[in-house]
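In our numbering, the protein residues as written are 1 to 112.
Below is one structure; the comments refer to it alone.
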């Protein structure tokens, strides 16, 4: 079970942008970051997926760990994506999702 959160406010975020807009602009870079850190199937869920994100929203990413994925990989993905997009980012694996939301998130999440 892996989960990581990075607050872009720690990154001196001055130019607020909705996470959905930032995601559209940087999809390929996010996929490259994920692959570099040994995870598969990076997907988006939460407010960005549902189209109700705001400038203050975070970006929720779901990733599939491999046998080589470490907690440091998850943390690095989160930090690198947050720095790239200048938004707060949560990176979770399926086992890190709360039980009551897991099935819904796994069904709804879409590929980055």
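Beta carbons: idealized from backbone N, C-alpha and C, even for Gly.
In this structure residue 23 is in contact with residue 112, their Cβ atoms being roughly 7 Å apart against a cut-off of 8 Å. Shortest Cα-Cα distance from residue 61 to any of 16, 96, 70 and 17 involves 96. The C-alpha of residue 43 lies about 19 Å from the C-alpha of residue 67. Residues of the same chain with a CB within less than 7 Å of the CB of residue 106, apart from the 5 flanking positions on each side, are 94 in chain order. Under DSSP, the beta-bridge partners assigned to residue 43 are 62 and 111. Note that the C-beta distance between residue 48 and residue 63 is not below 8 Å.
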